[in-house]
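Chemist: Dumping the structure here so I can ask a few things about it.
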Amino acid sequence: MVNLDSLAEIKKLDTKGVSTSIELLGKQCEQVWEEVSGLDLPREFADCNNIVVCGMGGSTLGTHVIHSLYFDQLKTPLEIVNGYHLPGYVDKNSLVVLSSYSGTTEEVLANYQEAEKRGTKMIAISSGGDLEKLVKEGRVAGYEFVPKFNPSGQPRMGLGYSVLSQILIFSKLGFLDFNEADISRTLSIIEKINSQSKPDVETSKNKAKQIALEFKEKIPFLFASEHLVGNIHVFANQINENAKSLSCYFALPEANHHLTEGLASPKEANDYKIFFFLKSNLYSERVLKRYEITKNIVEENGIKAAVFEPQSKTKLEQVFEFLTFGSWVSFYLAMVYGRDPSPIPNVDFLKNQLSKN
């Protein structure tokens, strides 16, 4: 285990600069704001019956966030495809977004082939690869970014590129509202959380380090509701990939209708669980009441529970508050386990094996 207050130990283990990528989230957002603001998109793209975003892993983290954050604002149905095939309803009146950080994700390229056959409108978001070629050839519209503020090179740490690019593209097309005041608030909250959570803030004053220590030798069961469900998906992803640790997430109130009955057995496993509740004061009243009740049930079953309450005033700010904070927790959990957070050997091995067939 790395001493979380030793900058030298952290730097030695963090070989690719994941911590730097987290600190540069605001710069990522600034870059995307400047570039997408000048992006020209066909007007007819705004006239669609549904939106389907195709991507895998870190490349659709932004879509999960958008789906939750703008749930009550989106008037056009939005669906995420994490696989090789498009839904049957996708046709010429659909907008398909091809999201691949590398531009080479095979599932996304398979989605492109199907979308082309169906004559759909298409936008690609990537940093290069085959998707960049399709954009240059004029086959699809697109936003191609140079990830200069993500030194780790890992898509899950390029949240500014994945989250804000989609928000801004959907805003340009009139699907949701995001303006200059919003980007200002976003950058402000990111800076605030970074100042409270970065490595030179000692553990006694650093909530992200404290939660990472609570997660040590535990399987985190993560819970959120309404506008923050997308955040808890991102958090689980980052715990898996950064800390190389198991984690799973659930939405309340849905989990109250099944998960609370699954706590009794096997009792031997309870010592290895921690239930983490992302509790917002902006949740609806009935949902908020469920958090304390659920926490009590969990603790009565001998399972440890932890609660994090965002301090920001708006839903947008709370989303970016926890995107930043959760990234730090996952990073420090990697340090706790003595793991370099950047490499993903099992994912790379799987891709390598698939490439041979």
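Numbering (UniProt numbering), first residue to last: 1 to 357. By construction, the Cβ of each residue, glycine as well, lies at the ideal position given by its N, Cα and C atoms.
Counting along the chain, where does the alpha helix (DSSP H) carrying P345 start and finish?
Modeler: Stepping through the sequence shown from its first residue, residue 345 is reached at position 345. Residues P345 to S355.
Chemist: Would you call A8 buried or exposed, if buried means 16 or more other Cβ atoms sit within 10 Å of its Cβ?
Modeler: Here residue 8 corresponds to residue number 8 of the sequence shown, with the count starting at 1. It counts as exposed.
Chemist: For G57, count neighbouring Cβ atoms within 10 angstroms of its own Cβ and tell me buried if that reaches 16, exposed if not.
Modeler: By 1-based counting over the sequence shown, the position of residue 57 is 57. G57 comes out buried.
Chemist: Could you give the uninterrupted runs of the beta strand (DSSP E) lying entirely in the region 221-298, keeping only those of 3 residues or more?
Modeler: Listed in chain order, they are 248-251 and 273-278.
Chemist: Quick one: Cα of L39 to Cα of I303, how far?
Modeler: Translated into positions along the sequence shown, residue 39 becomes position 39. Translated into positions along the sequence shown, residue 303 becomes position 303. If I take the Cα positions, the gap works out to 50 Å.
Chemist: Going straight from the alpha carbon of S184 to that of E217, what length do you get?
Modeler: If you number the sequence shown from 1, residue 184 lands on position 184. If you number the sequence shown from 1, residue 217 lands on position 217. Going from the Cα of S184 to the Cα of E217 covers about 38 Å.
Chemist: Could you round the C-beta distance between F235 and G326 to whole angstroms and report it? I think they count as a contact, below 8 Å.
Modeler: Here residue 235 refers to the residue found at position 235 when the sequence shown is read from its first residue. Here residue 326 refers to the residue found at position 326 when the sequence shown is read from its first residue. Contact holds; Cβ gap of about 4 Å.
Chemist: Got a sec? Which residues, its chain only, sit under 8 Å from E35 by beta carbon, not counting five neighbours each side?
Modeler: Here residue 35 refers to the residue found at position 35 when the sequence shown is read from its first residue. Taken in chain order, the residues that qualify are Y143 and F145.
Chemist: Considering only residues of the same chain and omitting the five flanking positions on each side of L252, which have a CB-CB separation below 6 Å?
Modeler: Taking the first residue of the sequence shown as 1, we reach residue 252 at position 252. F223, S225 and R290, listed in sequence order.
Chemist: Taking the C-alpha atoms as reference points, what is the distance between N256 and E300?
Modeler: Position 256 of the sequence shown, counting from 1, holds the residue named residue 256. Position 300 of the sequence shown, counting from 1, holds the residue named residue 300. Going by the C-alpha atoms only, they are around 15 Å apart.
Chemist: When DSSP labels each residue in this structure, what does C29 get in the three-state scheme?
Modeler: Locating residue 29 in the sequence shown gives position 29, where the first residue counts as 1. Helix.
Chemist: What does the alpha-carbon distance come out to for the pair Y283 and I189?
Modeler: For the purposes of this step, residue 283 is identified with residue 283 of the sequence shown, where counting begins at 1. For the purposes of this step, residue 189 is identified with residue 189 of the sequence shown, where counting begins at 1. Computed Cα separation, rounded: 19 Å.
Chemist: Does the count of Cβ pairs from the region 261-270 and the region 238-248 closer than 8 Å reach three?
Modeler: As far as the Cβ criterion goes, the region 261-270 does not touch the region 238-248, which means the pair count is below three.
Chemist: For A141 versus L131, is the C-beta distance shorter than 7 Å?
Modeler: As a first step, residue 141 is located in the sequence shown; it is residue number 141 there, counting from the start. As a first step, residue 131 is located in the sequence shown; it is residue number 131 there, counting from the start. Contact: no.
Chemist: What's the call for G103, buried or exposed, on a 16-neighbour Cβ count within 10 Å?
Modeler: Taking the sequence shown and counting its residues from 1, one reaches residue 103 at position 103. Counting Cβ neighbours within 10 Å, G103 comes out buried, since at least 16 surround it.
Chemist: Alpha carbon to alpha carbon, how far is P77 from N111? Give it in angstroms, no decimals.
Modeler: Counted from its first residue, the sequence shown places residue 111 at position 111. Counted from its first residue, the sequence shown places residue 77 at position 77. Going from the Cα of N111 to the Cα of P77 covers about 18 Å.
Chemist: Could you pull out every residue in the same chain whose Cβ sits closer than 6 Å to the Cβ of L323, ignoring the five residues on either side in sequence?
Modeler: Here residue 323 refers to the residue found at position 323 when the sequence shown is read from its first residue. So the qualifying residues of the chain are L159.
Chemist: Measure the CB-CB distance between residue 370 and E321 and report whether it falls below 7 Å.
Modeler: Absent from the model: residue 370. The displayed extent of the chain is 1 to 357, so no value can be given.
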